[in-house]
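The structure appears below as structure tokens.
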Amino acid sequence: MHLVINFCGTGDNGSGFLDGYDYVHSEQVKTLFVEGCDKEEVCDAAIFPDLKNFAQRFAQGVFSAEGENLRLTTHDLHNLAMGISRANVNAGDVAKSITGITLCGYSRGAVTCFEVAKVLKEIAPSIPIDIVADQPVPGNIFQVPGANANSIADCSKLDNLENVSVILGAYTGQLYMDDSNIPTRIATQLGRFVHRAAFSQVVPKLSNKTNRDLIVIPRESHHQLLANMPVGAEHLHMQIAKYLSLKGLVSTEALDRKTREAGRTYTRDYGKSVYPYPQVNKLQSFFGLSKKEAYQHLDKLHPSALLKKGMEWDFRAENLAEWWERQERNSPIIASGFTQHLAVIIRQTDIYDANSLMTLYRTANNWLAYKPDSKRSYQVEALREHVFGCLLDHKYSASDLHRITLDQFHEDSYFLKQWNRIMNSSFVKTEATKILGDAFVKHDQRELSHSELLGKINDWIEGKKASHSSRFQEIVKLRDQLQDMISDASLDLDQPLSLNLSLW
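Taking full-length UniProt numbering, I'd label the letters of the sequence shown as residues 1 to 504.
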């Protein structure tokens with residue numbers, strides 16, 4: 001028997017979760033809904049709930065552990081006074097062993113997932129746990145000892161966690177007063193300072209054995225939803241379906257449907273633009289994650305993730321050179337010689353000439369390969385995205401353009417340079433690390449293909465999961481980047497929106 005347990009956010013009873021929970025039909029899956037922390041049976045507190053204490057009480061009351069076996073204590077879960085508002089558990093299920101658990105939740109409910117996982121590690125360490133945490137907000141103003149953020153900050157010893165998804169909003173704390181859906185009371189009482197202090201999201205540190213998926217969506221406030229801005233719930237259901245499908249408990253067709261539904265959140269309001277991500281310097285901080293790292297995990301379903309606010313371009317109103325100059329006025333750093341050369345190419349570019357555009361596309365790729373850590377990289381990524389759209393109008397395919405990017409990064413020794421950067425701080429290398437280093441050199445010399453290097457990296461990651469390698473997450477990030485670039489270059493992707501230049 002597999003359990004799915006949904007921990008609701010403050011003030012929620014779980015009915016909203018049911019709206020999207022239409023993909024689980026296996027009799028092996030049983031589902032529990034736990035009300036928000038403000039409810040008397042949970043924490044009886046909306047401002048400073050003791051989620052750790054509730055998790056201890058919940059796990060010990062709901063579960064019975066006997067050796068390697070974990071079972072429910074009763075089928076009458078509602079009468080346990082644990083805030084379980086509904087559950088599809090019957091009397092016969094109490095005798096069944098629990099083989100796995102998926103914990104999911106929103107806001108404080110997302111934080112509760114990690115607290116419950118900590119208790120399950122103590123009472124049933126062999127039971128695999130998956131977590132899908134949607135915008136985990138601790139709710140405490142300060143990260144002091146005993147605060148909810150501090151309590152789950154380090155989950156690296158929880159090797160019972162098999163898969164963890166954390167869905168993060170790109171919070172700025174900005175409330176837009178022209179939105180009639182937000183009561184004046186909330187808009188006046190919750191200033192940006194309060195939002196940044198009390199509604200910062202937490203990303204716990206995890207074991208190397210845990211597969212971590214981070215998804216950042218362009219939601220700017222915990223309290224406001226604007227046109228074509230994702231809620232987060234659709235992405236939560238997509239990730240639950242993904243993890244259950246790995247266990248054969250959800251069909252691939254259902255997973256595909258939930259993925260499409262998550263993608264449609266960006267276009268649900270007809271006639272409105274796709275909601276863009278705010279620029280990185282506008283983000284409020286996360287617990288356990290830098291802003292820069294967060295923006296390495298933008299939602300792949302977003303149609304134009306690389307075009308941050310203010311970086312949009314209307315080719316009918318300004319040319320590319322004017323767009324670039326507008327961005328430069330907001331740039332905090334002096335342009336290097338490389339950047340000045342890029343600016344020259346921009347001024348020379350004719351968007352109605354495919355060869356001219358391709359020269360700019362390749363120049364932008366070179367810039368990004370050589371200066372990946374520059375504060376101007378978001379600006380150059382947006383430039384390349386605009387040129388990408390123009391080239392689609394010139395009948396280039398998306399996969400061909402991605403292949404050009406991959407080839408250029410290879411030619412510029414990007415992957416070997418990133419490997420050397422990661423290894424610079426390490427004086428002692430294991431035999432496995434030396435072998436992987438040789439693979440990067442051979443790949444740079446064209447003796448290994450992209451896919452062969454990817455296989456070598458995956459072998460290293462698999463072998464290091466049980467270790468405490470300080471380089472582990474850096475290598476995983478590099479693997480993910482290479483994997484995405486190979487995938488983009490290999491597949492016939494849906495064409496992103498072109499600029500409709502009316503060339504023909």
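Cβ coordinates follow ideal geometry from the N, Cα and C atoms, glycine included.
Have a look at the DSSP bridge pairing and note the partners of threonine 102.
-> In the sequence shown, residue 102 corresponds to position 102, counting from 1. Answer is Val4 and Asp130, bridged to threonine 102.
Are three or more beta carbon pairs between the segment 113–122 and the segment 16–23 nearer than 8 Å?
-> no
For alanine 65, write down the residues that DSSP places opposite it in a beta bridge.
-> The residue you call residue 65 lines up with position 65 of the sequence shown. Note: alanine 65 sits in a beta bridge opposite Leu70.
Contact between the segment 153–161 and the segment 124–135: three or more CB pairs below 8 Å?
-> yes
Beta-carbon spacing of isoleucine 217, glycine 169 below 7 Å | Taking the first residue of the sequence shown as position 1, residue 217 is located at position 217. Taking the first residue of the sequence shown as position 1, residue 169 is located at position 169. The answer is yes: Cβ separation under 7 Å.
Run through DSSP, which three-state label would asparagine 163 get?
-> Mapped onto the sequence shown, residue 163 falls at position 163. In the structure shown, asparagine 163 sits in a strand (DSSP, three-state: E or B).
Reference leucine 244, options Val24, Asp44, Phe415 and Lys477, closest by Cα | Residue numbering aside, residue 244 sits at position 244 when the sequence shown is read from its first letter. That would be Val24, whose Cα lies nearest to the Cα of leucine 244.
For residue 507, I'd like the list of residues in its chain whose CB is within less than 8 Å of its CB, leaving aside the five on either flank, ordered along the chain.
-> Residue 507 is absent from the model: the chain starts at 1 and stops at 504.
Flag this pair as touching only if the segment 97–111 and the segment 1–13 have three or more C-beta atom pairs under 8 Å; answer yes or no.
-> yes
Quick one: is proline 136 buried, meaning 16 or more other Cβ sit within 10 Å of its Cβ, or exposed?
-> Locating residue 136 in the sequence shown gives position 136, counting from the first residue. By the neighbour-count rule (16 or more Cβ atoms within 10 Å), proline 136 is buried.
For my contact list, alanine 382 and leucine 307 are in at a C-beta cut-off of 8 Å; report their separation, rounded to the angstrom.
-> Locating residue 382 in the sequence shown gives position 382, counting from the first residue. Locating residue 307 in the sequence shown gives position 307, counting from the first residue. With 8 Å as the limit, alanine 382 and leucine 307 qualify as a contact, their Cβ atoms being about 5 Å apart.
In angstroms, rounded to a whole number, what distance separates the CA positions of arginine 185 and histidine 195?
-> In the sequence shown, the residue the question calls residue 185 occupies position 185. In the sequence shown, the residue the question calls residue 195 occupies position 195. Low confidence applies to arginine 185: its pLDDT is 45, below 50, so where it sits in the model is not reliable enough to give any reading.
Cβ atoms of leucine 226 and residue 545: under 7 Å apart, would you say?
-> Only positions 1 to 504 of the chain appear in the structure, and residue 545 is not among them; the question remains open.
In its own chain, which residues sit with a C-beta less than 7 Å from the C-beta of aspartate 350, not counting the 5 before and 5 after it?
-> Within the sequence shown, the letter at position 350 stands for residue 350. Closer than 7 Å at Cβ, skipping near neighbours: Ser356.
Where do the ends of the beta strand (DSSP E) carrying isoleucine 84 lie?
-> If you number the sequence shown from 1, residue 84 lands on position 84. Where isoleucine 84 is concerned, the enclosing beta strand (DSSP E) stretches over 84–87.
Are the CB atoms of alanine 262 and glutamate 234 nearer to each other than 7 Å?
-> To locate residue 262, count along the sequence shown from 1; it is residue 262. To locate residue 234, count along the sequence shown from 1; it is residue 234. Yes.
Ignore the nearest five residues each way along the sequence and tell me which others in arginine 384's own chain have a CB closer than 6 Å to its CB.
-> Here residue 384 is taken as the residue at index 384 of the sequence shown, counted from 1. Same-chain partners within the cutoff: Ala364.
When DSSP labels each residue in this structure, what does arginine 362 get in the three-state scheme?
-> Here the question's residue 362 lines up with position 362 in the sequence shown. Three-state result, arginine 362: helix.
So who's on the other strand from asparagine 53, going by DSSP bridges?
-> Indexing the sequence shown from 1 puts residue 53 at position 53. Paired residues: none, contrary to the question.
Go through its chain and collect everything with a Cβ distance to glycine 232's Cβ below 8 Å, but skip five positions before and after it.
-> On the sequence shown, position 232 is the one that residue 232 refers to. Tyr106, Asp134, Gln135, Ile167, Gly169, Ile217 and Arg219.
Cβ shell of valine 457 (< 6 Å), same chain only, five flanking positions each side left out | Against the sequence shown, residue 457 aligns to sequence position 457. Note that residue 457 corresponds to isoleucine in the displayed sequence, not to valine. Excluding positions up to five away in sequence, the list reads Arg479.
Kindly identify the DSSP beta-bridge partner or partners of threonine 31.
-> On the sequence shown, residue 31 is found 31 positions in, with the first residue counted as 1. Looking at the DSSP assignment, threonine 31 forms a beta bridge with Val4.
Contacting residues, own chain, Cβ-Cβ under 8 Å from lysine 292 (five flanking each side not counted) | As a first step, residue 292 is located in the sequence shown; it is residue number 292 there, counting from the start. So the qualifying residues of the chain are Val280.
Nearest to serine 304 (by Cα), restricted to the options Gly248, Asp459, Asp412 and Val387 | What you label residue 304 is simply residue 304 of the sequence shown in a count that begins at 1. Residue Val387 is the option with its Cα nearest to serine 304.
Serine 208 and lysine 464 look like a contact to me (Cβ under 8 Å); what is the Cβ gap, rounded to whole Å?
-> Against the sequence shown, residue 208 aligns to sequence position 208. Against the sequence shown, residue 464 aligns to sequence position 464. In the sequence as displayed, the identity of residue 208 is asparagine instead of serine. So it is a contact: roughly 6 Å between Cβ atoms.
Thinking just about the alpha-carbon of each residue, which of Ala198, Trp323 and Thr102 is nearest to the one in arginine 347?
-> By 1-based counting over the sequence shown, the position of residue 347 is 347. Nearest C-alpha to arginine 347: Trp323.
Are isoleucine 152 and proline 230 closer than 7 Å when you measure CB to CB?
-> The residue you call residue 152 lines up with position 152 of the sequence shown. The residue you call residue 230 lines up with position 230 of the sequence shown. No, the pair does not count as a contact, with Cβ atoms beyond the cut-off.
Return helix, strand or coil for threonine 10, following the three-state DSSP convention.
-> Indexing the sequence shown from 1 puts residue 10 at position 10. DSSP places threonine 10 in coil when its eight states are reduced to three.
Cross-strand partners of lysine 205 (DSSP beta bridge) = Here residue 205 refers to the residue found at position 205 of the sequence shown. Looking at the DSSP assignment, lysine 205 forms a beta bridge with Asp154.
With a Cβ-Cβ cutoff of 7 Å, do threonine 112 and valine 164 count as a contact?
-> Position 112 of the sequence shown, counted from the start, is the residue given in the question as residue 112. Position 164 of the sequence shown, counted from the start, is the residue given in the question as residue 164. No, these two residues do not count as a Cβ contact at 7 Å.
Below 7 Å between beta carbons: does that hold for histidine 75 and asparagine 90?
-> Numbered from its first residue, the sequence shown carries residue 75 at position 75. Numbered from its first residue, the sequence shown carries residue 90 at position 90. Yes, they are a contact pair.
Is the segment 313–327 touching the segment 295–304, taking contact as three or more C-beta pairs under 8 Å?
-> no
On the three-state DSSP scale, how would you describe glutamine 224?
-> The residue given as residue 224 occupies position 224 in the sequence shown. Note: glutamine 224 maps to strand in three-state DSSP.
For aspartate 412, does the three-state DSSP call read helix, strand or coil?
-> Taking the sequence shown and counting its residues from 1, the one referred to as residue 412 is at position 412. Correct three-state label for aspartate 412: coil.
Grab me the residues of alanine 95's own chain with a C-beta within less than 8 Å of its C-beta, minus the 5 sequence neighbours each way, in chain order.
-> Indexing the sequence shown from 1 puts residue 95 at position 95. Result list for alanine 95: Arg71, in chain order.
Roughly how many angstroms lie between the CA atoms of alanine 354 and alanine 343, to the nearest whole one?
-> Start at 1 with the first residue of the sequence shown, and residue 354 comes out as number 354. Start at 1 with the first residue of the sequence shown, and residue 343 comes out as number 343. Answer to the nearest angstrom: the Cα atoms are 18 Å apart.
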